[in-house]
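The next block holds one structure in the form of structure tokens; read it before the comments.
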Amino acid sequence: MRPSRFARLLPMMDRLLSSASRYHALLLLFLVCCGVATIGAFAIRDLQTASREAQEVYAGSVHGLQRIGELQYDTQETRRATLYALTTSDSNLQVEYADQTRAADQHVKDGIAEYRRQAKQPAEIALAGRLARDWTNYLNVRDEILASILEGSTKEAVSLDLSGGVPAFELVRQDLNEVKRLYDADASQRLENLAVSWRRASWRLFGILGFTFLLSGTAVWAIQRSRMLSTIQLAKLQMEFVASVSHELRTPLAVISSAADNLADGLIAGKSTMRKYGGILQRQSRSMSHLIDDILLFASTEDGTKRYILQSLPVSAIVDSIVSVTEGVIRNSGFSLDQNIEPDLPLAIGDISGISQCLQNLIVNAIKYGGDDRRISLRAFAVPSHKGLEPEVRISVTDRGIGIDHSELPHIFDPFYRSPRVQAAQIHGTGLGLSLSKRIAEAMGGSLSVVSEISIGSTFTLHLNVAKGDDVEMAREVPELSPSSPS
Amino acid sequence: MLRSLARIAIILALAARLQADTTRTPEASPDPPQAQQGAQTEPLVIVVNRSNPVTDLSSSELRTIFLGNRSHWANGRRITLVMREPFEPERKTIVHDVCEMSEDQLKTHYLHGLFTGEILVSPKTLTTAVGVRKFIYYVPGAIGYLRMSDVDATVKIVRIDGLVPEDKGYKLRVQSLGANTGE
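Protein chains in written order, with our numbering: chain U, 1 to 487; chain E, 1 to 183.
What follows is the structure, given as structure tokens:
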């Protein structure tokens, strides 16, 4: 049975997620936030657009209805005032009515001009022209009627109104009805557009919310899975560590046990043999003791109980001391050590035991992974402050061994991490050395960095801050260091 | 018979109106309302609708028009005469200088003309100069008179015997408003 596509995808995703560190998870979260913010901005823009359209439709409706209403009122007012002039023979009143009809017709002219200006559709433009023409025709008749009324020819005025005024005004009324009809049609279209716009905005909003939930869910799942894989990885590393420690402890224990058995069985005779066995027991027990010390030290750095006493230290003296301590191990392993200590190094801030532990680990690692070239370089030099960085004292340990693959570089400082290549090469270790060294360096306010190339070698550099002022008391003398076991 | 009764009724109505106007008129004497010597005066101009082609009228034509003896302009438009109230100085000037009558004589003339049918329409009476100006503006065949200071672009001034108000020898003048009349 062939595995499903999802089943094939899951291991790929797991591999992808297992490579995701805490920073990757945060980056993912940041990207999700950015995505949600961007999509949210689109949603807000859509809603704003829809809201603006609604406001425009509302304002346009109110304004349009008001304009049409005023136009209709003013046309009626023009006619009303004209006809009122018929009801009196007082010339003064007639002139007053004539003024009223003139004022009203001016309003109508303004309204028609406004309508013409705002007309966009061909039908509206044509209607505006027709309305203006019909209104002018009516006004011409109206003026004749008005003149007749003022002249006192009421009969003639009525006759003129019936024959010319009424039909001309009817045309104007029809035009105004057409204006209203076109306006209603336009308003209906705008309402329809608004409804479409709202529907579109709603669908987009739903889509955006769905996408956001999906994206957020995926992100949470990915983060949770990444954490779970990290936990599994850690548990695996711890299991490997236990196995490795057991192996590291069992070897000297077996030697000690064998030597003890020989001693108990009386197989050891002679002073020199006894001394030899004593030496073996001493070395193996020390080896076990150092291993246990390392584990305890790691545990103390893990829970933060380990404290370092920071002092201003003469780096060259410390390096000399460490070299003397590790000289035997280096020589016994068939390695040679090149030293390059810069003269007049400034005082560095650190803890003597911490620096010693750190450098011994680096030297022992250089021996373990140093390859066939069997040369180790130890260099100490000062780096002045530049580009806003504080001045440093750096101590680097370089080997010309197997090197570290680039993909492994981010993990080599993880506790219990051991490279598959190293495990395959049967090089023993607990995976604590580099992690411990890095923690010690950081606890002293410094750092540990690495530069490595496969089959060329690796350079580990301890960065220490340069002492400033008198606030840190300088160590009076460098105490004698004791060798520590390789980790 | 009915027509005779109607005429009698019209005469009685006009007589009553005439009596009322005479009562309202502070000065009904035929004495000329000539501007007193030394008082400030201003021209009184004859104005017509701007659409009226007439630009010049002789004194006799003007008299004919103001007496209602001419009913139509040369272009066929009906002449509508616009006057102020009988007690207004402008009217007094016109009645005396143009019609060469007293107010009473003028009224009698119009009563007679309307009764006999020689005059078709009596003059329109307006209470203010603005009313006169507007009336002339609205009615194409209207003719009236205004103080020079009341004239604007809505009406057209007609020359009298070829003279414009600014010309020396222009006869129609009226006391300026607010001027000391010595009364």
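Glycine residues also receive a C-beta, built at the ideal position from the N, C-alpha and C atoms. No experiment lies behind these values; they were computed from the predicted model shown.
Is any beta-carbon of chain E found at less than 8 Å from that of N140 of chain U? So, not an interface residue.
Length of the line joining the Cα atoms of Y58 of chain U and V158 of chain U: About 44 Å.
Could you tell me which chain E residues have their CB closer than 8 Å to the CB of D105 of chain U, listed as they occur along the chain? The premise fails here: D105 of chain U is roughly 13 Å from chain E at the closest Cβ pair, so nothing lies under 8 Å.
Pick from E:M148, E:H112, E:K168: whose alpha carbon is nearest that of S176 of chain E? Residue E:M148 is the option with its Cα nearest to S176 of chain E.
Helix, strand or coil for R130 of chain U? Go by DSSP, reduced to three states. R130 of chain U: helix per DSSP, three-state reduction.
Report the option in U:G446, U:E53, U:G370 whose CA atom is closest to the CA atom of S452 of chain U. Ranking U:G446, U:E53, U:G370 by Cα distance to S452 of chain U puts U:G370 first.
To the nearest angstrom, report how far apart I440 of chain U and S244 of chain U are at their CA atoms. Computed Cα separation, rounded: 22 Å.
Taking just the CA atoms, how far does D344 of chain U sit from I363 of chain U? The straight-line gap from Cα to Cα measures roughly 24 Å.
Can you find at least 3 beta carbon pairs, one from the stretch 133–143 of chain E and one from the stretch 46–53 of chain E, that sit closer than 8 Å? With the rule of 3 Cβ pairs closer than 8 Å, the stretch 133–143 of chain E counts as touching the stretch 46–53 of chain E.
Environment of S324 of chain U [buried if 16+ CB atoms lie within 10 Å]: Taking all protein chains shown into account, S324 of chain U has fewer than 16 neighbouring C-beta atoms within 10 Å of its C-beta and is therefore exposed.
Does K168 of chain E come out as helix, strand or coil in the three-state DSSP assignment? K168 of chain E falls in the coil class under three-state DSSP.
Proximity to I223 of chain U [Cα-Cα], best of U:L436, U:K468, U:L27: Here the closest residue by C-alpha is U:L27.
Supposed contact pair S419 of chain U and E408 of chain U - C-beta distance, whole angstroms, cut 8 Å: Separation of the CB atoms of E408 of chain U and S419 of chain U is rounded to 5 Å, and the pair is thereby assigned contact status at 8 Å.
Could you please tell me which residues of the stretch 113–128 of chain E, in chain order, have their CB closer than 9 Å to any CB of chain U? Residues of the stretch 113–128 of chain E with a Cβ closer than 9 Å to any Cβ of chain U, in chain order: V121, S122, K124, T125, L126, T127, T128.
Cross-chain neighbours of R147 of chain E in chain U, by beta carbon under 8 Å: Per Cβ cutoff of 8 Å: no residues; R147 of chain E is ~18 Å from chain U at best.
Same chain only: Cβ atoms within 7 Å of Y308 of chain U, ignoring 5 sequence neighbours per side: Excluding positions up to five away in sequence, the list reads D351, G354, A443, M444.
Tell me the DSSP secondary structure of M239 of chain U in three-state form. In the structure shown, M239 of chain U sits in a helix (DSSP, three-state: H, G or I).
Using 8 Å as the cut-off, can you tell me whether the stretch 68–85 of chain U makes contact with the stretch 93–103 of chain U, which would need three or more C-beta pairs spanning the two stretches below that distance? Three or more Cβ pairs closer than 8 Å define a contact, and the stretch 68–85 of chain U meets that threshold against the stretch 93–103 of chain U.
Quick one, which residues of the stretch 109–136 of chain U are near chain E if we go by CB-CB under 9 Å, in chain order? Of all residues in the stretch 109–136 of chain U, none has a Cβ within less than 9 Å of some Cβ in chain E.
Exposed or buried, M83 of chain E, counting other C-beta atoms within 10 Å across all chains shown (16 or more means buried)? The residue in question, M83 of chain E, is buried, as its Cβ has 16 or more Cβ neighbours within 10 Å.
Can you tell which of U:S285, U:Q357, U:E342 has its C-alpha closest to the C-alpha of V383 of chain U? Of the listed residues, the one whose Cα sits closest to V383 of chain U is U:E342.
Quick check on this structure: which residue in E:N69, E:I136, E:V155 has the alpha carbon closest to the alpha carbon of Q94 of chain U? Taking only the C-alpha atoms, the option nearest Q94 of chain U is E:I136.
For I330 of chain U, the first and last residue of its enclosing alpha helix (DSSP H): Boundaries of the alpha helix (DSSP H) harbouring I330 of chain U: 315–332, taken from the DSSP string.
So, is D265 of chain U buried or exposed, given that buried needs 16 or more other C-beta atoms within 10 angstroms? With fewer than 16 other beta carbons inside 10 angstroms of its own, D265 of chain U counts as exposed.
Nearest-angstrom Cα separation, counted from V54 of chain E out to R142 of chain U: If you take the alpha carbons of R142 of chain U and V54 of chain E, they lie about 24 Å apart.
Per DSSP, what are the beta-bridge partners of V82 of chain E in this structure? When beta bridges are read from the DSSP output, V82 of chain E appears opposite E:K124.
The alpha helix (DSSP H) enclosing I367 of chain U, as first and last residue numbers: From DSSP, the alpha helix (DSSP H) with I367 of chain U extends over 352–368.
Buried or exposed, going by whether 16 or more other CB atoms sit within 10 Å of the CB of L214 of chain U? The residue in question, L214 of chain U, is exposed, as its Cβ has fewer than 16 Cβ neighbours within 10 Å.
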